[in-house]
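First the structure, in the form of structure tokens, and then the observations on it.
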Amino acid sequence: MIERMPYRNGMLFLPAFWTEAGVGSALRFVAGPLRGEGPWKVGDAVVTVLGCQGTDPELAAEFAAWQGYREQLGGNYPQPEEIGRLMQEYAAKAAGLDPAD
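Take 82 as the starting number for the sequence shown in the working numbering and just add one per residue.
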């Protein structure tokens, strides 16, 4: 989860390299109540912080590649407010809801 925000009864998130696919294609939704203080739970999914004991080496390598890519984007990476706006724009679709709801 590179970018994330609570949405209805769950969480929206964008994975690494979401900028290549665009928000509409990359945005994901995990349903369920948010619990805990790290590691967190969203529904039945456990969300741990990268770098915690037992971190998956493949995820760590992907994150390192993302960090290098993110540095290359520099000022072209959207500001948090813009990312939040874009996530809200595509939230209903990602959550499998009717956008009119």
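Note that the Cβ used here is the ideal one computed from N, Cα and C, for glycine as well.
The structure displayed is predicted, hence computed values, not measured ones.
Please name the residue or residues paired with Glu-101 in a DSSP beta bridge. Paired residue(s): none; Glu-101 is not in a bridge.
Under 7 Å Cβ to Cβ from Arg-151, same chain only, skipping five residues before and after it: list those, please. Excluding the 5 residues flanking it on each side, Arg-151 has same chain C-beta neighbours closer than 7 Å at Tyr-158, in chain order.
Kindly identify the DSSP beta-bridge partner or partners of Pro-161. Paired residues: none, contrary to the question.
Is the CB-CB distance between Val-127 and Pro-120 below 8 Å? In this structure, Pro-120 lies closer than 8 Å to Val-127 by Cβ.
With the cut-off set at 8 Å, would you say Phe-94 and Arg-109 are in Cβ contact? In this structure, the beta-carbon distance from Phe-94 to Arg-109 falls below 8 Å.
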